[in-house]
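Student:
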Amino acid sequence: MNPHSDTLTTADGRTALRMERRLAHPPRRVWEAITQPAHLARWFPSEVTVDLRPGGAIGFLFPGDSEPGMTGTVTDADEPHVFAFTWGEDHLRWEITPEDGGSLLTLVHTFGDRFGAASFASGWHVCMTALAQLLDGEKIDVSRDTGGELHEAYLAQFDLGHGVVEDTGDGRRIRLERQLVRPAETVWAELTAGAEPLKGAPAPEGFTADKIPSGPVTEVDAPHLLAYAWHSEGEVRWHLTKGTGHGPRLVLTQTGPRDFDAEAALPAWQSRVDALAAHLLDD
């Protein structure tokens, strides 16, 4: 699905997505396409207003908004080589390097939400495809990754789907975090299979994993949260929080006492979440 060698690195709590695209156009033409608002409006995720100098303001106007909802600051404007700016808490750096009569365009997007990387990468992949079509003088003919296939390809490429075992002050915890590709209501319907959970009742099968006993539901807030007891000292918690781009962010935890064999239980939860993601993609 993704033929490019895009990379993801994490250090000091910040994640950097690096994407390179070769364009058959000189740096000055590419510079105009990535800095001039009229060109940006054709391929960038939003309309842009920019004071093109270091320290200048930049604003991002999304469809339906009457004024820029997010703003940033230009950090670099070295024509026609480097254009960089902040976008909220993120930083985007576009670098243009002459190469074989054309240009190598490199984007480094730095952000804090590592599990949002597949959403960011699939979005930029579509945008940079549109940029290439604009430069080539072609009709811009790209579609958003509404099916989620590109998102899931990046998730696998960046190895973002694996859970971890953590030691806490009170015991041990399994934690899986994964960006999903369908709305929370769709995910909830998949998990409940029509059996809406009730406090005190057994948890619906969709919220359980193989060989891990489930207890009564202790908390439910459809379509965002379900928790149930599984041990006198343990809890399983499914939380669908605000996500990036495609749908909600799933945070699944199982907590237990200090002698909880979390390493043995983790593969069952990993298999359950992988199956959920695959069913959502098929839908």
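If you're matching positions, the sequence shown starts at 52 in the numbering used here and goes up one per residue.
Ideal Cβ placement from N, Cα and C applies to all residues, glycine included.
1. Check whether the Cβ atoms of phenylalanine 162 and arginine 229 lie closer than 9 Å to each other.
2. Could you tell me if proline 78 is buried or exposed, where buried requires 16 or more neighbouring beta carbons within 10 angstroms of its beta carbon?
3. If you measure between the beta carbons of arginine 300 and glycine 294, is that distance less than 9 Å?
4. Determine the burial state of valine 125: buried for a count of at least 16 other Cβ atoms within 10 Å of its Cβ, exposed for fewer.
5. According to the neighbour-count rule (16 or more other Cβ atoms, all chains shown, within 10 Å of its Cβ), is aspartate 272 buried or exposed?
6. Alpha carbons only, please: which of Gly251, Lys250, Pro255 and Arg226 is nearest the one belonging to alanine 240?
7. If we call anything under 9 Å between Cβ atoms a contact, is glutamine 305 one with alanine 315?
8. For glutamate 130, is the classification buried or exposed, using 16 other Cβ atoms within 10 angstroms of its Cβ as the cut-off for buried?
9. Could you tell me how far apart the beta carbons of arginine 93 and alanine 181 are, in whole angstroms, since I believe they sit closer than 8 Å?
10. Out of curiosity, what's the CA-to-CA distance linking arginine 323 and histidine 282?
11. Assuming serine 170 and histidine 297 make a contact with CB atoms under 8 Å, what is their CB distance in whole Å?
12. Roughly how many whole angstroms lie between the Cα atoms of leucine 327 and glutamate 217?
13. Could you say which of Val81, Ala75, Asp325 and Ala313 lies nearest to alanine 207 if we only look at CA atoms?
14. May I ask which residues mark the beginning and end of the beta strand (DSSP E) holding aspartate 192?
15. Determine the direct distance from the alpha carbon of threonine 122 to that of aspartate 141, and round the result to whole angstroms.
16. Which stretch, first to last residue, makes up the beta strand (DSSP E) that contains valine 133?
17. Output needed for aspartate 192: all residues of its chain with C-beta closer than 8 Å, excluding positions within five of it in sequence on either side, in chain order.
18. Which stretch, first to last residue, makes up the beta strand (DSSP E) that contains aspartate 325?
19. So, is methionine 52 buried or exposed, given that buried needs 16 or more other C-beta atoms within 10 angstroms?
20. Would you please state the rounded distance, in angstroms, between the beta carbons of glutamine 321 and leucine 227? I believe it to be under 8 Å.
21. DSSP state of proline 88, grouped into three classes?
22. So, using beta-carbon positions, are serine 194 and valine 177 closer together than 9 Å?
23. Who are glycine 307's beta bridge partners in DSSP?
24. Can you give me the C-alpha to C-alpha distance between tyrosine 205 and arginine 73, rounded to a whole angstrom?
25. Which whole-angstrom value describes the C-beta separation of valine 238 and leucine 249, a residue pair presumed to lie in contact below a C-beta threshold of 8 Å?
26. So what's threonine 60 in DSSP terms, helix, strand or just coil?
27. Three-state secondary structure (DSSP) at phenylalanine 166?
28. Taking the continuous beta strand (DSSP E) assigned at alanine 240, which residues delimit it?
29. Rounded C-beta distance between glutamate 150 and threonine 157? I'm assuming under 8 Å.
Tutor: This is what the structure gives:
1. The sequence position of residue 162 within the sequence shown is 111, counting from 1. The sequence position of residue 229 within the sequence shown is 178, counting from 1. No, the pair does not count as a contact, with Cβ atoms beyond the cut-off.
2. Position 27 of the sequence shown, counting from 1, holds the residue named residue 78. Buried, by the Cβ-count rule.
3. In the sequence shown, counting from the first residue as 1, residue 300 sits at position 249. In the sequence shown, counting from the first residue as 1, residue 294 sits at position 243. Closer than 9 Å, so yes.
4. To locate residue 125, count along the sequence shown from 1; it is residue 74. Burial call: buried.
5. The residue labelled residue 272 in the question sits at position 221 within the sequence shown. With fewer than 16 other Cβ atoms within 10 Å, it is exposed.
6. Here residue 240 refers to the residue found at position 189 of the sequence shown. The option with the nearest alpha carbon to alanine 240 is Pro255.
7. The residue labelled residue 305 in the question sits at position 254 within the sequence shown. The residue labelled residue 315 in the question sits at position 264 within the sequence shown. No. Outside cutoff.
8. Here residue 130 is taken as the residue at index 79 of the sequence shown, counted from 1. Result: exposed.
9. Taking the sequence shown and counting its residues from 1, the one referred to as residue 93 is at position 42. Taking the sequence shown and counting its residues from 1, the one referred to as residue 181 is at position 130. Yes, arginine 93 and alanine 181 are in contact; Cβ-Cβ is about 7 Å, under 8 Å.
10. Walking along the sequence shown from the start, residue 323 turns up at place 272. Walking along the sequence shown from the start, residue 282 turns up at place 231. Whole-angstrom Cα-Cα distance: 19 Å.
11. In the sequence shown, counting from the first residue as 1, residue 170 sits at position 119. In the sequence shown, counting from the first residue as 1, residue 297 sits at position 246. The Cβ separation is near 6 Å, so the contact holds.
12. For the purposes of this step, residue 327 is taken as residue 276 along the sequence shown, with counting starting at 1. For the purposes of this step, residue 217 is taken as residue 166 along the sequence shown, with counting starting at 1. Distance between the alpha carbons of leucine 327 and glutamate 217 is about 23 Å.
13. As a first step, residue 207 must be located in the sequence shown, where it is residue number 156. Cα-wise, what sits closest to alanine 207 is Asp325.
14. On the sequence shown, position 141 is the one that residue 192 refers to. Premise fails: aspartate 192 is in no beta strand (DSSP E) and is neither H nor E.
15. Residue 141 sits at position 90 when you count from the first residue of the sequence shown. Residue 122 sits at position 71 when you count from the first residue of the sequence shown. The straight-line gap from Cα to Cα measures roughly 11 Å.
16. Mapped onto the sequence shown, residue 133 falls at position 82. Segment 133-138, the beta strand (DSSP E) holding valine 133.
17. What you label residue 192 is simply residue 141 of the sequence shown in a count that begins at 1. Short of 8 Å from the beta carbon of aspartate 192, and not among the five residues preceding or following it, lie these beta carbons of its own chain, in chain order: Gln184.
18. The residue you call residue 325 lines up with position 274 of the sequence shown. Careful: aspartate 325 lies outside any beta strand (DSSP E), inside the alpha helix (DSSP H) at 313-333.
19. Within the sequence shown, the letter at position 1 stands for residue 52. Unreliable positioning characterises methionine 52 in this predicted model, as indicated by a pLDDT of 47, which lies under 50. A coordinate reading is not provided.
20. Residue numbering aside, residue 321 sits at position 270 when the sequence shown is read from its first letter. Residue numbering aside, residue 227 sits at position 176 when the sequence shown is read from its first letter. Rounded, the Cβ-Cβ distance is 7 Å, consistent with contact.
21. Taking the sequence shown and counting its residues from 1, one reaches residue 88 at position 37. Correct three-state label for proline 88: helix.
22. The residue labelled residue 194 in the question sits at position 143 within the sequence shown. The residue labelled residue 177 in the question sits at position 126 within the sequence shown. Yes, they are a contact pair.
23. Translated into positions along the sequence shown, residue 307 becomes position 256. Beta-bridge pairing links glycine 307 to Arg223.
24. Within the sequence shown, the letter at position 154 stands for residue 205. Within the sequence shown, the letter at position 22 stands for residue 73. Tyrosine 205 and arginine 73: Cα-Cα distance of roughly 20 Å.
25. The count along the sequence shown starts at 1 and reaches residue 238 at position 187. The count along the sequence shown starts at 1 and reaches residue 249 at position 198. Not a contact, Cβ separation roughly 19 Å.
26. One-based indexing of the sequence shown puts residue 60 at position 9. Threonine 60 falls in the strand class under three-state DSSP.
27. Translated into positions along the sequence shown, residue 166 becomes position 115. Phenylalanine 166: helix per DSSP, three-state reduction.
28. As a first step, residue 240 is located in the sequence shown; it is residue number 189 there, counting from the start. Careful: alanine 240 lies outside any beta strand (DSSP E), inside the alpha helix (DSSP H) at 235-243.
29. As a working mapping, residue 150 is identified with position 99 in the sequence shown. As a working mapping, residue 157 is identified with position 106 in the sequence shown. About 11 Å; that fails the 8 Å criterion.
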